[in-house]
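Numbering (the working numbering), first residue to last: 35 to 248. Note that the Cβ used here is the ideal one computed from N, Cα and C, for glycine as well. Everything on this sheet refers to the single structure shown next.
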């Protein structure tokens, strides 16, 4: 049960249907996970299924994060209005890679404000970043109102690694939580990431992971 409460059960595929979202939500209720993470158009639908028993997390601006800040803010506001309990959004990776960390910081502050006190997880997509860039963006996001840094969308060139999580833990020093996501498909990988410092695991295979427990 302790592991379930650290899992965000996820389906953010572009072709996810209402039937897929219902299946996700029913599995989440059965397994007792902490949250379902879904595309924004399904927030109200999912909330009607899970109620207050499981958190509903809206995935904003996946997979690229390249929308303008005001577009992300509007998407967050709409998700909150539909009943989202949390928000995962992709930072502007291009601006990050350009070295404009002030832009990334301003974006984070505006997204967090739009979330109206709900947990915000900033996805930095570590697969595209150097260790130095991971350190720099992690430091910049501290104090912006972001509650967690999330490693990956699952749509990039790779998913979360133990090394990513260990680096984030070293830099953040507990000031912001860590969500490891992308490529987490079995119990061993989930436990390795938690041992490295992840607070939350994002995965589309929660049933397989949790039923694999001893």
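Check residue 225 in the structure and name its three-state DSSP category.
-> As a working mapping, residue 225 is identified with position 191 in the chain shown. Residue 225: helix per DSSP, three-state reduction.
Taking residue 182 as the reference, which of 224, 222, 124, 136 has the closest Cα?
-> As a working mapping, residue 182 is identified with position 148 in the chain shown. Taking only the C-alpha atoms, the option nearest residue 182 is 124.
Return the chain-ordered ranges of every beta strand (DSSP E) run that is complete within the stretch 152-238 and spans a minimum of 3 residues.
-> 153-157, 182-184, 211-215, 234-237
Mind the definition here: the stretch 70-79 touches the stretch 46-54 only if three or more C-beta pairs lie below 8 Å; say whether that holds.
-> yes
Can you tell which of 107, 204, 92 has its C-alpha closest to the C-alpha of residue 117?
-> Translated into the one-based positions of the chain shown, residue 117 becomes position 83. When each option's Cα is compared against that of residue 117, the closest is 92.
Cβ pair residue 243, residue 224 closer than 8 Å = As a working mapping, residue 243 is identified with position 209 in the chain shown. As a working mapping, residue 224 is identified with position 190 in the chain shown. Cβ atoms of residue 243 and residue 224: closer than 8 Å.
Measure the C-alpha to C-alpha separation of residue 133 and residue 146 and round it to an integer number of angstroms.
-> Against the chain shown, residue 133 aligns to sequence position 99. Against the chain shown, residue 146 aligns to sequence position 112. Roughly 21 Å between the two C-alpha positions.
When the Cα of residue 126 is compared with those of 144, 103, 115, 114, which residue comes out closest?
-> Here the question's residue 126 lines up with position 92 in the chain shown. Comparing Cα positions, the closest option is 103.
Residues bridged to residue 69 by DSSP?
-> Residue 69 sits at position 35 when you count from the first residue of the chain shown. The partner list for residue 69 (beta bridge, DSSP) reads 42, 89.
From 204, 189, 190, pick the residue whose C-alpha is nearest to that of residue 196; which is it?
-> Along the chain shown, one-based indexing puts residue 196 at 162. Residue nearest to residue 196 within the set 204, 189, 190 is 204 (criterion: CA-CA distance).
Status (buried if at least 16 other CB within 10 Å, exposed otherwise) for residue 120 | By 1-based counting over the chain shown, the position of residue 120 is 86. The residue is buried, with at least 16 neighbouring Cβ atoms inside 10 Å.
So, helix, strand or coil for residue 76, using DSSP?
-> The residue you call residue 76 lines up with position 42 of the chain shown. Reduced to three states, the DSSP call for residue 76 is helix.
Bounding residues of the alpha helix (DSSP H) (the contiguous stretch that carries residue 110) = The residue you call residue 110 lines up with position 76 of the chain shown. For residue 110, the enclosing alpha helix (DSSP H) begins and ends at 103-116.
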